[in-house]
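As C-alpha cells, the structure follows; a few thoughts come after it.
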Amino acid sequence: MVDLGVDVGSLKLKNPIMPASGTFSEELADVFDLDLIGAHVTKTITRGLRDGNPTPRVCEVSGSMLNSIGIPSKGVGYFIEKVVPFYQQYKTPLVVSISGNTADEFATLCSEVTVEGVDAIEVNISCPNIEEDGKAFAIRPSSTYDVMCKLRQATHLPLWAKLTPNTGETPEVARAAEEGGADALVVANTILAMAIDIRTRKPKLGNLMGGLSGPSLKPIALRMAYQCARATNIPVIGCGGISNAEDVLEFLIAGATAVQVGTATFIDPAIMPKIVTDLEALLASGGYSSVRDVIGSVIDEEQDPGVVFMEAAP
Amino acid sequence: MVDLGVDVGSLKLKNPIMPASGTFSEELADVFDLDLIGAHVTKTITRGLRDGNPTPRVCEVSGSMLNSIGIPSKGVGYFIEKVVPFYQQYKTPLVVSISGNTADEFATLCSEVTVEGVDAIEVNISCPNIEEDGKAFAIRPSSTYDVMCKLRQATHLPLWAKLTPNTGETPEVARAAEEGGADALVVANTILAMAIDIRTRKPKLGNLMGGLSGPSLKPIALRMAYQCARATNIPVIGCGGISNAEDVLEFLIAGATAVQVGTATFIDPAIMPKIVTDLEALLASGGYSSVRDVIGSVIDEEQDPGVVFMEAAP
Amino acid sequence: MNAVVRSSALEPTNPVAFERDLPVISNEPVNGEYRLMILSAPVELLEQCHAGQFFHLLCPQIGGETPYLRRPMSIYGFYPEKGELHFLYKVTGEGTRALSHLKTGDTLNVLGPLGRGFTIEDDWDHLVLVARGVGLATLAPLALEAKRLGRKLTAICSARSADVLMSVEYFEALGARVITVTDTDGTSSIENLEAVIEQLVALDGVDAFYTCGSNRILRLLQKIGERHDIPGEIALEQQMACGLGMCHCCVRPFRKDGGQVNLRVCREGPVFDMQEAMPW
Amino acid sequence: MNAVVRSSALEPTNPVAFERDLPVISNEPVNGEYRLMILSAPVELLEQCHAGQFFHLLCPQIGGETPYLRRPMSIYGFYPEKGELHFLYKVTGEGTRALSHLKTGDTLNVLGPLGRGFTIEDDWDHLVLVARGVGLATLAPLALEAKRLGRKLTAICSARSADVLMSVEYFEALGARVITVTDTDGTSSIENLEAVIEQLVALDGVDAFYTCGSNRILRLLQKIGERHDIPGEIALEQQMACGLGMCHCCVRPFRKDGGQVNLRVCREGPVFDMQEAMPW
Ligand SMILES: Cc1cc2nc3c(=O)[nH]c(=O)nc-3n(C[C@H](O)[C@H](O)[C@H](O)COP(=O)(O)OP(=O)(O)OC[C@H]3O[C@@H](n4cnc5c(N)ncnc54)[C@H](O)[C@@H]3O)c2cc1C
Ligand SMILES: Cc1cc2nc3c(=O)[nH]c(=O)nc-3n(C[C@H](O)[C@H](O)[C@H](O)COP(=O)(O)OP(=O)(O)OC[C@H]3O[C@@H](n4cnc5c(N)ncnc54)[C@H](O)[C@@H]3O)c2cc1C
Ligand SMILES: Cc1cc2nc3c(=O)[nH]c(=O)nc-3n(C[C@H](O)[C@H](O)[C@H](O)COP(=O)(O)O)c2cc1C
Ligand SMILES: Cc1cc2nc3c(=O)[nH]c(=O)nc-3n(C[C@H](O)[C@H](O)[C@H](O)COP(=O)(O)O)c2cc1C
Ligand code: FES
Ligand code: FES
Numbered sequence: 001m002v003d004l005g006v007d008v009g010s011l012k013l014k015n016p017i018m019p020a021s022g023t024f025s026e027e028l029a030d031v032f033d034l035d036l037i038g039a040h041v042t043k044t045i046t047r048g049l050r051d052g053n054p055t056p057r058v059c060e061v062s063g064s065m066l067n068s069i070g071i072p073s074k075g076v077g078y079f080i081e082k083v084v085p086f087y088q089q090y091k092t093p094l095v096v097s098i099s100g101n102t103a104d105e106f107a108t109l110c111s112e113v114t115v116e117g118v119d120a121i122e123v124n125i126s127c128p129n130i131e132e133d134g135k136a137f138a139i140r141p142s143s144t145y146d147v148m149c150k151l152r153q154a155t156h157l158p159l160w161a162k163l164t165p166n167t168g169e170t171p172e173v174a175r176a177a178e179e180g181g182a183d184a185l186v187v188a189n190t191i192l193a194m195a196i197d198i199r200t201r202k203p204k205l206g207n208l209m210g211g212l213s214g215p216s217l218k219p220i221a222l223r224m225a226y227q228c229a230r231a232t233n234i235p236v237i238g239c240g241g242i243s244n245a246e247d248v249l250e251f252l253i254a255g256a257t258a259v260q261v262g263t264a265t266f267i268d269p270a271i272m273p274k275i276v277t278d279l280e281a282l283l284a285s286g287g288y289s290s291v292r293d294v295i296g297s298v299i300d301e302e303q304d305p306g307v308v309f310m311e312a313a314p
Numbered sequence: 001m002v003d004l005g006v007d008v009g010s011l012k013l014k015n016p017i018m019p020a021s022g023t024f025s026e027e028l029a030d031v032f033d034l035d036l037i038g039a040h041v042t043k044t045i046t047r048g049l050r051d052g053n054p055t056p057r058v059c060e061v062s063g064s065m066l067n068s069i070g071i072p073s074k075g076v077g078y079f080i081e082k083v084v085p086f087y088q089q090y091k092t093p094l095v096v097s098i099s100g101n102t103a104d105e106f107a108t109l110c111s112e113v114t115v116e117g118v119d120a121i122e123v124n125i126s127c128p129n130i131e132e133d134g135k136a137f138a139i140r141p142s143s144t145y146d147v148m149c150k151l152r153q154a155t156h157l158p159l160w161a162k163l164t165p166n167t168g169e170t171p172e173v174a175r176a177a178e179e180g181g182a183d184a185l186v187v188a189n190t191i192l193a194m195a196i197d198i199r200t201r202k203p204k205l206g207n208l209m210g211g212l213s214g215p216s217l218k219p220i221a222l223r224m225a226y227q228c229a230r231a232t233n234i235p236v237i238g239c240g241g242i243s244n245a246e247d248v249l250e251f252l253i254a255g256a257t258a259v260q261v262g263t264a265t266f267i268d269p270a271i272m273p274k275i276v277t278d279l280e281a282l283l284a285s286g287g288y289s290s291v292r293d294v295i296g297s298v299i300d301e302e303q304d305p306g307v308v309f310m311e312a313a314p
Numbered sequence: 001m002n003a004v005v006r007s008s009a010l011e012p013t014n015p016v017a018f019e020r021d022l023p024v025i026s027n028e029p030v031n032g033e034y035r036l037m038i039l040s041a042p043v044e045l046l047e048q049c050h051a052g053q054f055f056h057l058l059c060p061q062i063g064g065e066t067p068y069l070r071r072p073m074s075i076y077g078f079y080p081e082k083g084e085l086h087f088l089y090k091v092t093g094e095g096t097r098a099l100s101h102l103k104t105g106d107t108l109n110v111l112g113p114l115g116r117g118f119t120i121e122d123d124w125d126h127l128v129l130v131a132r133g134v135g136l137a138t139l140a141p142l143a144l145e146a147k148r149l150g151r152k153l154t155a156i157c158s159a160r161s162a163d164v165l166m167s168v169e170y171f172e173a174l175g176a177r178v179i180t181v182t183d184t185d186g187t188s189s190i191e192n193l194e195a196v197i198e199q200l201v202a203l204d205g206v207d208a209f210y211t212c213g214s215n216r217i218l219r220l221l222q223k224i225g226e227r228h229d230i231p232g233e234i235a236l237e238q239q240m241a242c243g244l245g246m247c248h249c250c251v252r253p254f255r256k257d258g259g260q261v262n263l264r265v266c267r268e269g270p271v272f273d274m275q276e277a278m279p280w
Numbered sequence: 001m002n003a004v005v006r007s008s009a010l011e012p013t014n015p016v017a018f019e020r021d022l023p024v025i026s027n028e029p030v031n032g033e034y035r036l037m038i039l040s041a042p043v044e045l046l047e048q049c050h051a052g053q054f055f056h057l058l059c060p061q062i063g064g065e066t067p068y069l070r071r072p073m074s075i076y077g078f079y080p081e082k083g084e085l086h087f088l089y090k091v092t093g094e095g096t097r098a099l100s101h102l103k104t105g106d107t108l109n110v111l112g113p114l115g116r117g118f119t120i121e122d123d124w125d126h127l128v129l130v131a132r133g134v135g136l137a138t139l140a141p142l143a144l145e146a147k148r149l150g151r152k153l154t155a156i157c158s159a160r161s162a163d164v165l166m167s168v169e170y171f172e173a174l175g176a177r178v179i180t181v182t183d184t185d186g187t188s189s190i191e192n193l194e195a196v197i198e199q200l201v202a203l204d205g206v207d208a209f210y211t212c213g214s215n216r217i218l219r220l221l222q223k224i225g226e227r228h229d230i231p232g233e234i235a236l237e238q239q240m241a242c243g244l245g246m247c248h249c250c251v252r253p254f255r256k257d258g259g260q261v262n263l264r265v266c267r268e269g270p271v272f273d274m275q276e277a278m279p280w
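Chains as they are written, first to last, in the UniProt record's numbering: chain A, 1 to 314; chain B, 1 to 314; chain C, 1 to 280; chain D, 1 to 280.
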C-alpha cells in the first residue's frame, strides 16, 4: 500500500489527481464516483453572466486540441446556490476557479465565493485583463503581483494562482505570484494557438485563436512546473497534457506536489480514477511507500546551475 | 503550371520552401539536388568557436522532439572559407543565420558575413542575451528593437529576424523588429520545454531544457505567423511543425510569404522537394495560377477585430 | 410517453454512461457513401438506449489515421434482443476513415448512450419524419420506437438521387409509409416538400414532426408546425469534445422565453424542440 | 584496402543515401532478446553498404506504438547476390517494439547506408573483434568483409550466459575462430579477457582490434593496443535525429591533436579510431 496523500499547503488531498478547470463538471458523476479523486475543480466562473465565444469552439490539431470556449458563466449566484451544494455531497475538497476582467472585479468575486463548502480558490490569472490592453495578468510579473495582492486581501481561503505559458518570464511571474500571496501555483493553462481549414480558408475556431491543450502541451507545462518549483517555495500543481500515471510521475519528479488532468478526460472520461490506481501500482513497483518521496526528486545536480533558468539555446 | 515564385522583400525565391536553420547542411546534398528548394539557410553561427551543449542533445516527446544543441560553431572564418563557397555552386540564394551573446558582438558578426555569396542574413534573436540576464532578445519588444537597430547598421543585406515563441508579446515584438529595420520575420524558433526519464529521474536532455519542434509546435507557430502578418508590413516566413504541403498552405493562408521546414527533414530527408511538388499540385487543384494569390487569404473579417490580438480566454 | 430516460446529474451513485470496448460484428458499405457498423453490445447498455441519443466513439489510430478526440455518432439501431448496436456513417474525414478500417473481430471503444433522445408523447398518433442524407441515421430508430408503441409513422426521405436513398426498406419493414423525394427528379424542392406535407396534414392529420440536419427543412417545418400548431423535434449537430456536458464546446443558440440561450448539443440535445431551434 | 566509400559532401549531383520502402522478408526472434529482420533490397543499395555503416529506420506507427524520430540500426548483413539486407535488434522501447510488429510483406522505410564503416588496411592480416551483446550486430559484417578479403579473423564473443551467445555459428561459418566468454562461467571478466587477448597477441600476432559498445572493453583494448602498438576501431552509439550530419545531436568527444573535439557519430562515425575514442 502506497500512501498517495499530499499536502497542497494547508489543504490535505487523499491523492494528487484532480481535474483541470473547464474539463470537469457535475455531469462526470454519470461516469464514476467523484470521491475517487483528490479534489474537485470547477470551470472558471465570472461574477456576471457571460455567453462565451462563437462556435466552433473546439478543433483537433495533431494529437491534441484547441479550444476557445470563452468562459460562459451563469454568474456567482447560480454557483453558490446550485454548484456548491452539489459538491457538498462529496467528502472531496472543492476548489472554485474564478476570473475577472479587472483586478477589482476579480477581488470582489474572490470574496463572494469565500463560502462554506469551498476549500480553495483557483484564480485564473491567465485570462485577458482589460486594464493591461487585453494581456493576461500572468504574462508580466508586475500585473501578477498587483492582482494577487488584491485577491489575497479578499479571502482567507487557500489561493492557487493559475499561470499561463504565454510568457517569456515564467520564474519571475511565479515569484511575483508567491510574493503577492499565492498559496500554490497551477502550472499551466493553455498556450495561444491557431488552426486554419485550408479548404474554407477560415480559422477552425470561431474566435480565430484558442488554447492548445493535450499531449503537445506537456513538455512546455513540465518545463514550467520545474521552473516554478525551483523559483518558489510554494507547492506547484502540474497541468498540461497529462494522460496517464507515467505523465503524473514525470510532473511529480519535476517538483509538482499534485496534478490536474484536463483534455485526457475528453478521450477517456474515467481516466482520473484509472490514473489513481495506476499511479499507486507504479510507485509500488518503484519501491516507494509514499508519493511524497518522489516529489521534486529530479536528478539535476550534475548540471551547471547556470543553464537552469537560461533560455535554452537551440 | 502554377507559379510558385515569391518575393521575400527584394529577394526573389523560385518557390516558398526553404530549410529551417539547424536542420539543414551541406550533407543534405547526398539526398537531393539542393537547387530544388527556394533558399538555403545555414545553421546559426557565432563569431568564435563553440562546443555546444552536453549530450543527450535530443529526445522524443509525443509525436515531436526536443533539442538542445547549443549552437556549436566553427566560427566565422570557417564559414566564409568553406561554407559560402560550397553553396555558391548552387543558383539558390544563401541565407546565413547568425547569433551573438551581446548586441555588439552580434552586429560585428553581421558585418563580417556581409560577403559575396550571401543573399540575406537571418538573425537568430531567440537565443540568450547575456546583457538581459539570459533572456532572448526577442522576448521583449525593447531588447528586440535595440539589437535590430545595431544589426541594421551592420549590413546592407536583407535582414530576417527570427522570433521566439517564448514571449507573451508576439505582435509587439514583431513591430519592434520591423521598426528596428528587419526586412522579414521568421516565425518561429522552438519553444522552451523539458522531458524527464521517469526511470532514471534525469532530464532527457543534457542541458535540462530544450526547444520543442515538430508537429506539436505548429498551431503555436501558425498563430504567431498570423499575428505577425497582421501586426507588420514586412513579409513573414512561417516555421514550426511544417510536414507537408497542406501545412505550407495553412501558413500561406495565415499570411506567410514563404515557409521553413525543420524537423520534418529528420523524418524524411527529401521532404522539401516533395513538398514543392505537392504544393504545386494542391494549388493547381484549388484553381490557383500563382502561389501569391493564397498568401494572407484567410477569411477572418466576420470576426470581431477585438478578439484578434486579445489573449484568447480559455 | 417519453423516450428520454436519464439519471439526473444529482445522482452520482448511478452512473448511466457506459465506456466499453465493443467487438465489431460487421462494418460494410451500404452504398457509395455510407457504411453500416454493427457492434456486439451487452444488453444492459442497449436497454439504456433511446432513439435520438448518440455514442461518442474513440476512433482507432489505424490505416495511417490519427484521430484524437472522440466522434459523436447517432444510434442507428439498438437491439437488446440480439445484442447489437448499429451505426450508419458517412466517411468524411480522419475519424470516420479510421472507423472504415475496422474489421470483424476488432473492437471499438464507445461512450454512451449520451444526450436527450426523441420524445413521443402518449397522444401523438401520427408521426412524420423528414430526413435527408445521413440524417436518416438519426431518425431511423424513431421508426423502431414508433412501431414498438404502435404509432403510425410517415417517413419522407430526401436525397440527391434515388440510388443514395437509404433505409427505405428499413422504414417499410417497420410498417411505416415512405415518401421519397430526390434532387434528380426535382421532387425534393422545398415547394414540393411543402405541398407533400400540407397534404399529409390535411388528409391524415399529423401529431408531430421530426427532422435533423437541413436548414431548409427546419425552416419549412417550423412554418408548417406554427401554421397548424403541430409540435416537432429536431436533432442537431455541433463539434464536440467531451460529449458529456463538461466543456461547453457544443453549444447552439435557441429561442427561449423571449430571449436567446446557448444549450449544449451533447447534453440538452442532440434533440431539441423544433420551434426553439434557430436556423443557421 | 578501405571499406569506406562515401561521396564527398561537395558532390551534390551524386546522392549516396537511399530513402526507400523495403519489403519485409522475415522478422523473427533469434533468442529471448534479439530479433533478426530480413528486408528485400535493390542491389544498387546493397552495393553501397559497408560493414560498420548503419541505416536510419522509420519505425512504423503500429501496435499502439507511436515512434516519431528515425532509429539508427547497424547493418548486420548485406547480400547483393540475394538482394537481402539484415538487421539484428533488441527490443528496448517504442521504436524497436514497433519494428517487432512488422510482418512478412509489410514494408519498412529505411534511409542509408549512412556513416563511416570499418577500415581494413591492406596489410592487416589478423583481425580480432571483441563483441558483447547487441554489439555483435555491428561487428558481424566485418567477418563477411574479412572473408571476402581473405583475412584471418578471431571473434571474441562475450555475453551474460551461453544461451544468449549469438552469431557464433555465423562467425564459424565464415571461417572465423570464435572464443566465447560468459558471465555465468566467469570467463568474461576483464582480467580473463586481457589474458585471452594477450595470448592471441603473443601466439598469433594481431594487426587490428575492433569493438563496440562496452566501456570496459574499450579501456582494455586501448591499453593492450597502446602496449603493443596495435591499431583499432570502435563503433559508438549516440542519440540521433537526422542521421545525416545536419543536426549535431549525435556528437561524442574524441582526443585529437592533443585536444578534445566533438565528432558526429552519424557522419564521422559510427566507427572511430580506438585510441581517439574516450571512455564514458
Ligand atoms: C449528435 C451527433 C450525431 C451524429 N450522428 C452521425 C451519424 O449517425 N452518422 C454520421 O455519418 N455522422 C454523424 N454525425 C456527424 C459525425 O460526428 C461527423 O461526421 C464526424 O465527427 C466526422 O469526423 P471525421 O474525423 O471523419 O471528420 P473531420 O472533418 O476530419 O473531423 C474533424 C473534427 O470535426 C468534428 N466534426 C466534423 N463534422 C462534424 C459534424 N457534422 N458534427 C459534429 N462534429 C463534427 C469531428 O468530430 C472532429 O473533431 C453526428 C454528429 C453529432 C454531433
Ligand atoms: C549507429 C548505431 C547503430 C546501432 N545498431 C544497433 C543494432 O544493430 N541493433 C540494436 O538492437 N540496436 C542498435 N543501436 C541502438 C538502437 O538505435 C536503439 O536501441 C534504438 O534506437 C532504441 O529505440 P527504441 O525506440 O526502441 O527505444 P527508446 O529507449 O524508446 O528510444 C528513445 C529514443 O532514444 C534513442 N535511443 C535509445 N537507445 C539508443 C542507443 N543505444 N543509441 C542511439 N539512440 C538510442 C532512440 O533512437 C529514440 O530516439 C544502434 C545505435 C546506433 C547509434
Ligand atoms: C475545453 C477547455 C476548457 C477550459 N476552460 C478553462 C477554464 O475555464 N479555466 C481555466 O483556468 N482553464 C481552462 N482550461 C485549461 C485547462 O484547465 C488546462 O489548464 C489545460 O487544458 C491544460 O491541461 P490539459 O492538457 O490536461 O488539458 C480549459 C481547457 C479546455 C480544453
Ligand atoms: C536540431 C535543431 C537545431 C536547431 N538549430 C537552430 C539554430 O541553430 N538556429 C535557429 O535559429 N534555429 C534552430 N532550430 C530551430 C529551427 O530552425 C526551427 O525554428 C524549429 O525547429 C521549428 O521548426 P520545425 O518544427 O519545422 O522543426 C533548430 C531546431 C532543431 C530541431
Ligand atoms: S461536448 Fe462538451 S459540453 Fe458538449
Ligand atoms: S544525427 Fe544529426 S548530425 Fe548526427
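For every residue, glycine included, the Cβ atom is placed at its ideal position computed from N, Cα and C.
ILE156(C) has VAL130(C) and ILE179(C) as its beta-bridge partners, per DSSP.
In the three-state reduction of the DSSP assignment, TYR226(B) falls in the helix class, which pools H, G and I. Comparing alpha-carbon positions, the option among VAL84(A), ASN67(A), ALA284(A) and SER97(A) lying closest to GLU116(A) turns out to be VAL84(A). Taking 8 Å as the CB threshold, TYR68(C) lines the interface with chain A. Here the region 248 to 260 of chain B does not lie against the region 229 to 240 of chain A, with fewer than 3 beta-carbon pairs under 8 Å apart. The beta-carbon separation of THR164(B) and ASN189(B), rounded to 5 Å, stays under the 8 Å limit for a contact. Put simply, the CB of SER73(B) is far from chain D, with every gap to its CB atoms at 8 Å or more. ASP300(A) belongs to the set of residues whose beta carbon lies under 8 Å from a beta carbon in chain B.
Counting along the chain, the unbroken beta strand (DSSP E) around ARG264(D) starts and ends at 259 to 264. Taking the CA atoms as reference points, VAL31(B) sits about 7 Å from PRO269(B).
Contact of ASP119(B) with chain D is not assigned, every C-beta pair being separated by 8 Å or more. Residues with their Cβ less than 7 Å from any non-hydrogen atom of ligand 6, running along the chain, are MET240(D), ALA241(D), CYS242(D), GLY243(D), LEU244(D), GLY245(D), MET246(D), CYS247(D), HIS248(D), CYS249(D), CYS250(D), ARG264(D), VAL265(D), CYS266(D) and ARG267(D).
Listed along chain A, the residues sitting closer than 7 Å to PRO215(B) by beta-carbon distance are SER62. Secondary structure of GLY117(D) (DSSP, three-state): coil.
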